[in-house]
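Residues in the sequence shown are numbered consecutively from 1, following full-length UniProt numbering. Beta carbons: idealized from backbone N, C-alpha and C, even for Gly. Keep in mind it's a predicted model, so treat the numbers as computed, not measured. Right, one structure below, let's go through it.
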Amino acid sequence: MALGGDWDTDAYGPADIDAAEAAIEAALDCGIDTFDHADIYRRGKAEAVFGEVLARTPGLRERIVLQTKCGIRLAAGERPGIYDLRGATILRRVEESLERLRTDAIDVLLLHRPDPLADPEDIAAALTSLREQGIVRRFGVSNMNAAQIARLQRHLAFPLVANQLEMSLDRRDWLEDGVLVNTPAAAAGGFPSGTVEYCLDHGVRLQAWGALAQGRFTGRQESPAERATARLVRGLAEAKGTTPETVLLWWLQRHPARIAPVVGSGRPERIRACRDAALREPDLTHEEWYDLWLTARGAPLP
Ligand SMILES: NC(=O)c1ccc[n+]([C@@H]2O[C@H](COP(=O)([O-])OP(=O)(O)OC[C@H]3O[C@@H](n4cnc5c(N)ncnc54)[C@H](OP(=O)(O)O)[C@@H]3O)[C@@H](O)[C@H]2O)c1
1 MALGGDWDTD AYGPADIDAA EAAIEAALDC GIDTFDHADI YRRGKAEAVF
51 GEVLARTPGL RERIVLQTKC GIRLAAGERP GIYDLRGATI LRRVEESLER
101 LRTDAIDVLL LHRPDPLADP EDIAAALTSL REQGIVRRFG VSNMNAAQIA
151 RLQRHLAFPL VANQLEMSLD RRDWLEDGVL VNTPAAAAGG FPSGTVEYCL
201 DHGVRLQAWG ALAQGRFTGR QESPAERATA RLVRGLAEAK GTTPETVLLW
251 WLQRHPARIA PVVGSGRPER IRACRDAALR EPDLTHEEWY DLWLTARGAP
301 LP
């Protein structure tokens, strides 16, 4: 999402392509080979600059896993943004993504957000057609709850493989949901109960967007709990011979769902700071994992 220049213009230039190339190279150097896109990122320019790098780098496409998303229509003029998961729209959006990415196949397509008007049978027909034509290999969803995933899955002859949700040491409601059971605070949680468990039981890999909490524990902390957590993160990083960014990502990866963090930085140095999350097993004890959670939570468990 960080690639392709600013959000408000349609044009990109050579510097944007070079920046994308530097980010991709930094990721590959760290053993990161999966790249997360969406048709809307930077109004298509994120895919476009990525496609330019693919076109000028022989062999790169075969070395990577390319994921993109469709289903959001951005605001345009007076018209606010809406969601659109009609089958015909999915087919058209995928075609456009292929053109921008300069490739003939997408490895994973995620449905970006649930569209209340969408018909699961219509969606399933579009996904099945994309699969049969070899245009998309696997499918998943994003920002969906267990019931929505199960409902779509009933119409598909192949498994949904991923659900991308906002999850981080800052965005913890997916964990709170599990421990506030039978407490008055449960109703205020807001996270769709049972979604993590559904994904674990059905082989739907959880992917965490916002995994670095936009820097809230690695340089941009504001509240006392954020500052205390940042100190703890730094201390653990030093003790383990790694970076604070890695500790944040390990905290997600250490969960039994082996949550896959999606790193949103476009800066090579910050991408490199995530290296050990790709190359080392999460090195956090049971107690250290809870220390991180409870410090960020700023309150004891029920
Ligand atoms: N499925 C969805 O609905 C959805 C929604 C949003 C995002 N996503 C995906 O998830 C990815 C990650 O999401 P995200 O970008 O929100 O999360 P993130 O990885 O937590 O945050 C990355 C952003 O935070 C900045 N940042 C990180 N550490 C910083 C620090 N110490 N000081 C200052 N700035 C810092 C980065 O700036 P620099 O670039 O300068 O490093 C970048 O702008 C996106 O790229 C996208 O692929 C998906």
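{"Item": "Three-state secondary structure (DSSP) of R258", "Value": "coil"}
{"Item": "DSSP state of E245 mapped onto helix, strand, coil", "Value": "helix"}
{"Item": "DSSP bridge partner residues for F139 (one or two, in chain order)", "Value": "L109 and L160"}
{"Item": "Start-end ranges of the alpha helix (DSSP H) lying completely within the region 6-31, minimum 4 residues", "Value": "14-29"}
{"Item": "Rounded distance between the beta-carbons of G44 and R100, thought under 8 Å", "Value": "6 Å"}
{"Item": "Assigned secondary structure, residue 304 (DSSP; H/G/I helix, E/B strand, else coil)", "Value": "As displayed, the chain neither begins before 1 nor continues past 302, which places residue 304 out of reach and without an answer."}
{"Item": "G210 beta carbon near ligand 3 (any heavy atom closer than 7 Å)", "Value": "By its list of ligands, the structure shown excludes ligand 3, since it contains just ligand 1."}
{"Item": "Spatial neighbours of A126 in its chain, beta-carbon cut-off 7 Å, leaving aside the 5 residues before and after", "Value": "G87, I90 and L91"}
{"Item": "For T243 and residue 308, the rounded distance between their alpha carbons", "Value": "Past the edges of the chain, shown from 1 to 302, lies residue 308, and the structure says nothing about it."}
{"Item": "Local conformation of D36 per DSSP, three classes", "Value": "strand"}
{"Item": "Backbone secondary structure at I82 - three-state DSSP", "Value": "strand"}
{"Item": "In DSSP terms, what L66 is bridged to", "Value": "F35"}
{"Item": "is_contact[G264, chain C] using C-beta, thresh 8 Å", "Value": "Structure shown: chain C not included; a single protein chain is present."}
{"Item": "S142 beta carbon near ligand 1 (any heavy atom closer than 7 Å)", "Value": "yes"}
{"Item": "Terminal residues of the alpha helix (DSSP H) in which Q207 lies", "Value": "Unbroken run through Q207 is the beta strand (DSSP E), R205 to W209; no alpha helix (DSSP H)."}
{"Item": "Classification of residue 320 by the beta-carbon crowding that lies within 10 angstroms, buried from 16 upward", "Value": "Residue 320 cannot be examined here, being either before or after the span of the chain that is shown, 1 to 302."}
{"Item": "Simplified DSSP state of E166, which is helix, strand or coil", "Value": "strand"}
{"Item": "Nonlocal neighbours in the same chain, by C-beta distance under 7 Å from D84, ignoring five residues either side", "Value": "G71, R73 and D115"}
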